[in-house]
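Novice: Okay, handing you the structure first.
Number of protein chains: 2
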Amino acid sequence: MPARTAKRDFPVVNARQILEPGPVVLVSSAWRGKTDIMTMGWHTMMEFTPSLMGCVIASSNNSFGMILKSGSCVVNVPTYDLADKVVGIGDCSGADTDKFAKFGLTPVPAKKVEAPLIKECFASFECEIADKRLVKTYNFFILKIVKAHVATSPKRPKTLHYHGEGVFSVPGTYLDLHKRFARKQNL
Amino acid sequence: MPARTAKRDFPVVNARQILEPGPVVLVSSAWRGKTDIMTMGWHTMMEFTPSLMGCVIASSNNSFGMILKSGSCVVNVPTYDLADKVVGIGDCSGADTDKFAKFGLTPVPAKKVEAPLIKECFASFECEIADKRLVKTYNFFILKIVKAHVATSPKRPKTLHYHGEGVFSVPGTYLDLHKRFARKQNL
Numbered sequence: 034m035p036a037r038t039a040k041r042d043f044p045v046v047n048a049r050q051i052l053e054p055g056p057v058v059l060v061s062s063a064w065r066g067k068t069d070i071m072t073m074g075w076h077t078m079m080e081f082t083p084s085l086m087g088c089v090i091a092s093s094n095n096s097f098g099m100i101l102k103s104g105s106c107v108v109n110v111p112t113y114d115l116a117d118k119v120v121g122i123g124d125c126s127g128a129d130t131d132k133f134a135k136f137g138l139t140p141v142p143a144k145k146v147e148a149p150l151i152k153e154c155f156a157s158f159e160c161e162i163a164d165k166r167l168v169k170t171y172n173f174f175i176l177k178i179v180k181a182h183v184a185t186s187p188k189r190p191k192t193l194h195y196h197g198e199g200v201f202s203v204p205g206t207y208l209d210l211h212k213r214f215a216r217k218q219n220l
Numbered sequence: 034m035p036a037r038t039a040k041r042d043f044p045v046v047n048a049r050q051i052l053e054p055g056p057v058v059l060v061s062s063a064w065r066g067k068t069d070i071m072t073m074g075w076h077t078m079m080e081f082t083p084s085l086m087g088c089v090i091a092s093s094n095n096s097f098g099m100i101l102k103s104g105s106c107v108v109n110v111p112t113y114d115l116a117d118k119v120v121g122i123g124d125c126s127g128a129d130t131d132k133f134a135k136f137g138l139t140p141v142p143a144k145k146v147e148a149p150l151i152k153e154c155f156a157s158f159e160c161e162i163a164d165k166r167l168v169k170t171y172n173f174f175i176l177k178i179v180k181a182h183v184a185t186s187p188k189r190p191k192t193l194h195y196h197g198e199g200v201f202s203v204p205g206t207y208l209d210l211h212k213r214f215a216r217k218q219n220l
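So the protein lines, in turn, are chains A and B.
Positions in the first sequence are counted from 1; adding 33 to them yields the numbering used here.
Positions in the second sequence are counted from 1; adding 33 to them yields the numbering used here.
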């Protein structure tokens, strides 16, 4: 695993730059002295200000109760060098596993929530539950991003995107089409 | 634009294989003899069976009312050869523009909903609104995918992923890690 460069504070309004492309994320949580990590692929941005994202956290997951009880979590964005850990984390349960220890990841205290950041990830978004109206029906949480930490480089991280059946893709080519937008508010 | 190969019926339970990686989509709608198309990047899978996705459709968008009134839409997945059209469609309003005509796209009748499929897209998911509880607060629609059409090739389409500021990425490398999953239900 490459040493991750220093992280900087990042405007929460810009979270979409990292989350909207659809990367697999690692959600860390803490409750009563224990921590957990889960792999998650079902999430979307929902608003710029406040910075809201929605995500599905299955109730069968050990993290579900920890996040619901603590009211918060951290959404961490791994890159492809962590692919084996991403799979391993999604393939075992925090009910009987200390995932930070098992996968050699480093918890770093967050600024605003109890759950730790994952140091090895490219970005970490500290989140508080903003709305749980759809938790009962769909396991759907609406999270408010209250603090964002993003590595200073690279500018274009090699995130992981899940296609099912064990297959991930990594961004290849980039297209800068900003000059094609006539209305800048649509960028 | 390359001629798109024939589409086949695709199991709606497998919609995640195309939508979970996070591609920008084109949402087509129809209401009272008019059609519209909008570009959308804020969506997530929510359930396998029924096949549910959630998405944000801003109320300022002409498509918002058409989808809400008709109760349905089609979520089409474009590839990078359509990038200019994807930007253009997101950069004007269907209130005063026939987007199929303006962007040279071909409407194809859907099987189960009134909105047309977009022939030039790689995949098209016919959707009915399943839950609008969060429309008022967040413009968030929960859609049930009732029919899926996917091109027979390529197996790995070059979808577009939006990073903000006019920048899109296209998948490059693929990693097949299915052998790393001990528990096949986690694949």
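All C-beta atoms, glycine included, are put in the ideal place defined by N, C-alpha and C.
(1) Quick check on DSSP: helix, strand or coil for M34 (chain B)?
(2) CB H182 (chain B) to CB V57 (chain B), shorter than 8 Å?
(3) When you compare the region 140–152 of chain B with the region 76–96 of chain B, are there three or more beta-carbon pairs, one atom per stretch, that lie closer than 8 Å?
(4) Excluding the 5 residues preceding and the 5 following Y171 (chain A) in the sequence, name in chain order all residues of the same chain whose CB lies nearer than 8 Å to its CB.
(5) Which residues, in order along the region 52–65 of chain A, keep a beta-carbon less than 8 Å from a beta-carbon of chain B?
(6) Per the contact definition of three or more C-beta pairs closer than 8 Å, is the region 162–178 of chain B in contact with the region 100–116 of chain B?
(7) Leaving out five residues on either side along the sequence, give the residues of the same chain with a beta carbon under 8 Å from the beta carbon of S202 (chain A).
(8) Using a C-beta cutoff of 8 Å, does V46 (chain A) count as contacting chain B?
(9) Hey, G121 (chain A) and F136 (chain A): beta-carbon distance below 8 Å or not?
(10) Answer yes or no: does any C-beta atom of chain A fall closer than 8 Å to that of M34 (chain B)?
(11) Could you give the distance in angstroms between the alpha-carbon of D124 (chain B) and the alpha-carbon of C154 (chain B)?
(12) Can a CB atom of chain A be found closer than 8 Å to the CB of M99 (chain B)?
(13) With a 10 Å radius around its C-beta and 16 neighbouring C-beta atoms as the bar for buried, classify F43 (chain A) as buried or exposed.
(14) At which residues does the beta strand (DSSP E) containing G74 (chain A) begin and terminate?
(15) Confirm, please, whether the CB-CB distance from R213 (chain B) to D117 (chain A) is below 8 Å.
(16) If you measure from the beta carbon of E80 (chain A) to each beta carbon in chain B, is any gap under 8 Å?
(17) For M34 (chain A), count the other beta carbons within 10 Å of its own beta carbon; 16 or more makes it buried, fewer makes it exposed. Which is it?
(18) If contact means a Cβ-Cβ distance below 9 Å, which residues of the region 105–134 of chain A contact chain B?
Specialist: Looking at the coordinates:
(1) Note on M34 (chain B): pLDDT 47, under 50, position unreliable in the model; the coordinate value appears next. Note: M34 (chain B) maps to coil in three-state DSSP.
(2) no
(3) no
(4) V89
(5) Answer in chain order: E53, P54, G55 and P56.
(6) yes
(7) If the five residues before and after S202 (chain A) are omitted, its C-beta is found closer than 8 Å to the C-beta atoms of L193, H194 and H196, all from its own chain and listed in chain order.
(8) No, no contact with chain B.
(9) yes
(10) Caution applies to M34 (chain B), whose pLDDT of 47 falls short of 50 and renders its modelled position unreliable; the model cannot decide the point.
(11) 19 Å
(12) Under the Cβ criterion of 8 Å, M99 (chain B) is not counted among the residues facing chain A.
(13) buried
(14) No beta strand (DSSP E) holds G74 (chain A); DSSP gives it neither H nor E.
(15) yes
(16) At a cut-off of 8 Å between C-beta atoms, E80 (chain A) counts as an interface residue with respect to chain B.
(17) In this predicted model, M34 (chain A) has a pLDDT of only 46, less than 50, meaning its place in the structure is not dependable; the value taken from the coordinates is given anyway. Around the beta carbon of M34 (chain A), fewer than 16 other beta carbons lie within 10 angstroms, which makes this residue exposed.
(18) Answer in chain order: Y113, A116, D117, V119, V120, G121, G123, D124 and C125.
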